[in-house]
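The block underneath contains the structure these notes are about, expressed in structure tokens.
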Amino acid sequence: MGDRAILVEVAGLDAVLSLHARLAASAPAGVIDIVPAARTVLVTVDPAMLSLSRARAWVTDAAGEAPPRAAAAVPEVVLDIRYDGPDLEETAELLGVSASELTRRHAAATWTVAFTGFAPGFGYLVGEDWPFDVPRLDTPRTRVPAGAVGVAGVFSGAYPRETPGGWRLLGTTDAPLFDPAGENPALLAPGTRVRFRPVSAATAASESPAPTALPASPASPTPASPTPAAPSPAPGLGRDSPFGAESSRPDRKNAPRTERDAPAVGDERTLAGAEAEAAAVAGVGAGPARGAAALLVEAPGLLATVQDLGRPGSAALGIARSGAMDRRALGAANRLVGNPEEAAAIEVTLGGFRAVALADLWFAVTGGGGPLRLAGRDIDPYVAHRWPAGAELEVGWIERGARAILALRGGVDAPILRGSRAADILSGLGPAPLAAGDVVSVGPAPVTPVPPAPDAPWGAPDGDDLEVDLAPGPRADWFTADARAALFDATWTVSGAADRVGIRLDGPALARARGDELPSEGMVPGALQVPPSGRPTILGPDAPVTGGYPVIAVVTDAARDALAQARPGSRIRFRHARPTD
């Protein structure tokens with residue numbers, strides 16, 4: 032699976048759980064994630080610490096080991112459920128049983144979390160004594176409420192948050208299924224045993240919604256899986272994804288330090304007062320300089336989000352890595368202002384961003400190229416600039432590339448979730464996209480000074496033509512020889528459906544050699560998923576950690592930064608990557 036991951040295929044779910052347990056118990060340094068799915072285990076590594084050849088040898092040894100004689104204690108969760116789902120009667124009729132018989136069997140079954148999938152904390156449950164294979168809804172719902180308990184195929188599951196979805200809903204639970212700030216954020220982690228305990232609506236209203244037990248955290252990373260269908264999935268979503276366009280904007284509870292009532296530019300209130308207001312906003316960052324330096328967003332443009340290098344290591348919980356699309360631009364911008372390369376910054380998509388400084392700041396803009404103006408004067412990218420309090424910065428509409436990085440000395444101060452301040456536009460984790468009126472704080476200034484400008488600064492992307500290296504995908508043999516050739520022979524065009532979740536390409540349809548359905552398996556950023564239409568989509572950093580479309584190839588890690596600057600209309604030619612391991 033590309034140049035940083037291995038996809039291991041086994042016989043079925045029992046073999047998946049067994050292999051995952053052995054890998055989790057013996058993971059060497061350099062393993063980032065171990066992601067179980069329906070019939071596969073995905074292992075992602077940091078090649079600077081663990082080469083793919085050494086990782087393959089470790090996986091092979093673990094696969095050949097006998098299962099442990101004495102299994103470790105298995106965590107168990109009891110979920111109170113009200114069998115009040117809107118699909119209960121219809122599903123029972125479809126299966127040829129009464130509604131009471133269906134709920135009796137659902138509650139009597141012993142369920143195990145096989146893997147997690149389309150959303151953080153969504154566990155795919157398999158039942159030892161569950162006899163049904165339930166078809167999904169013909170027309171997915173645009174809204175499934177948090178806590179809904181559904182069935183689809185051989186699985187059951189509970190929705191941690193409101194999303195679209197195509198599963199048949201049998202009931203509701205009030206249990207807190209996912210808490211990103213918790214030590215064990217996913218209640219239903221892989222390997223957890225689950226029992227459903229029927230309760231009445233009156234009982235549920237009078238008792239605490241907390242489950243009877245919390246699972247221990249998994250011994251190592253372990254992401255996951257299939258997904259309930261969506262009516263209009265975002266470009267990076269796999270088969271049966273429950274997400275549609277309405278779910279792509281997170282709520283604002285974890286936004287960067289913001290204040291909707293911050294003074295507008297020209298307001299008679301003093302800038303010092305505005306700074307004090309910014310410093311008083313709760314829930315963001317820490318340190319002696321909280322809110323001491325900030326900017327007021329006047330216009331976010333098409334999309335402006337807080338990004339750092341993301342949150343690797345949480346895919347087992349269904350959490351995407353996220354982080355800056357163009358990591359090289361992030362590192363360059365941070366170096367220019369003396370920050371650590373991984374400091375959080377603002378990623379501006381296609382431009383149109385305007386903000387005014389509420390204190391004296393240092394900043395640099397890198398990545399996609401377009402007009403930059405400070406206090407009405409043109410300035411250069413890839414140079415550190417002083418930004419006086421009260422002056423307006425404009426990142427104009429990007430003319431070359433697609434994304435610019437605005438780094439502020441001290442880094443953007445936003446809540447840390449799972450080790451990162453990055454915004455995930457699909458799941459809603461991290462800060463919400465910036466909006467007009469937001470006040471963004473920065474952290475304490477680093478000890479290192481602002482370095483002198485380099486003699487030969489890095490340049491913005493030049494033109495709309497890209498050459499991108501591809502490594503073989505795990506399912507290349509699912510496609511015809513002509514399709515595999517066309518992938519490299521054709522010139523592909525970035526469609527208008529391109530965002531942080533995925534980039535959909537226009538070009539020739541890639542025909543399959545196999546027509547059967549692929550059980551969901553682990554995915555990585557850069558994977559080229561090919562849906563039944565034959566038009567590939569390149570998964571982005573916010574894409575779900577599992578998917579059900581076959582992956583014909585994977586963009587190399589080094590090529591992902593250049594790909595981040597592809598904009599609608601950009602032309603892409605693929606070339607074979609040289610083997611690195």
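In the numbering used here, the protein residues as written are 32 to 612.
Don't be surprised by glycine CBs; every beta carbon is placed ideally from N, CA and C.
The alpha-carbon of residue 105 is positioned some 22 angstroms away from that of residue 190. The three-state reading of DSSP puts residue 390 in coil, since its state is none of H, G, I, E or B. It is roughly 18 angstroms from the alpha-carbon of residue 597 to the alpha-carbon of residue 338.
Comparing alpha-carbon positions, the option among 534, 471, 230 lying closest to residue 325 turns out to be 471. The region 51–69 makes no contact with the region 514–533, as fewer than three CB pairs between them are under 8 angstroms.
Taking 3 residues as the shortest admissible run, the region 450–517 contains the following complete beta strand (DSSP E) segments, listed from N- to C-terminal end: 470–472, 496–503. Per DSSP, reduced to three states, the secondary structure at residue 522 is coil, with no helix or strand assignment.
Distances from the alpha-carbon of residue 210 to those of 449, 568, 457, 573 put 449 closest. Residues of the same chain with a CB within less than 8 angstroms of the CB of residue 454, apart from the 5 flanking positions on each side, are 281, 336, 337, 338, 353, 460, 461, 462, 463, 464 in chain order. Within the DSSP secondary-structure output, residue 587 pairs in no beta bridge. Annotation for residue 114: 134, 201, 202, 229 place their beta carbon closer than 7 angstroms to its own, counting only its chain and skipping 5 residues before and after.
In the DSSP annotation of this structure, residue 124 is not part of any beta strand (DSSP E); the continuous alpha helix (DSSP H) holding it starts and ends at 119–126.
A contact is defined here as three or more CB-CB pairs under 8 angstroms, and the region 573–589 fails this definition with respect to the region 411–422.
A Cβ-Cβ distance of about 6 angstroms is found for the pair residue 434 and residue 378, placing them in contact under the 8 angstroms criterion. Note on geometry: alpha-carbon atoms of residue 222 and residue 348 lie some 12 angstroms from one another. The secondary-structure analysis by DSSP pairs residue 163 with nothing; it has no beta-bridge partner. Partner residues in the beta bridge of residue 186, as assigned by DSSP, are 157, 183. By the neighbour-count definition (other C-beta atoms within 10 Å, threshold 16), residue 425 is a buried residue. The C-alpha of residue 37 is placed about 6 angstroms away from the C-alpha of residue 73. Short of 8 angstroms from the beta carbon of residue 387, and not among the five residues preceding or following it, lie these beta carbons of its own chain, in chain order: 296, 326, 327, 329, 421, 422, 423, 424. The C-beta separation of residue 515 from residue 549 comes to about 17 angstroms, leaving the pair out of contact by the 8 angstroms criterion. The C-alpha of residue 87 lies about 20 angstroms from the C-alpha of residue 586.
In the DSSP assignment, residue 405 forms a beta bridge with 408, 424. Note on residue 600: under 16 other CB atoms within 10 angstroms of its CB, so exposed under the neighbour-count rule. Per DSSP, residue 219 is not a residue of any beta strand (DSSP E), being assigned neither H nor E. Looking at the DSSP output, residue 553 bridges to 577.
Secondary-structure assignment with DSSP links residue 398 through a beta bridge to 435.
In this structure, DSSP gives residue 367 a helical state, which the three-state scheme calls helix. The alpha-carbon separation between residue 80 and residue 33 amounts to approximately 17 angstroms. In this structure, the beta-carbon distance from residue 142 to residue 168 does not fall below 9 angstroms.
Residue 162 and residue 546 have their C-alpha atoms roughly 26 angstroms apart.
With 16 or more other Cβ atoms inside 10 Å of its own Cβ, residue 572 counts as buried. In this structure, the CA atom of residue 204 is about 42 angstroms from the CA atom of residue 436.
Looking at the DSSP output, residue 419 sits in no beta bridge, so it has no partner there.
In this chain, the alpha helix (DSSP H) harbouring residue 134 covers 130–139. Spanning the alpha carbons of residue 474 and residue 91 requires a straight line of approximately 45 angstroms.
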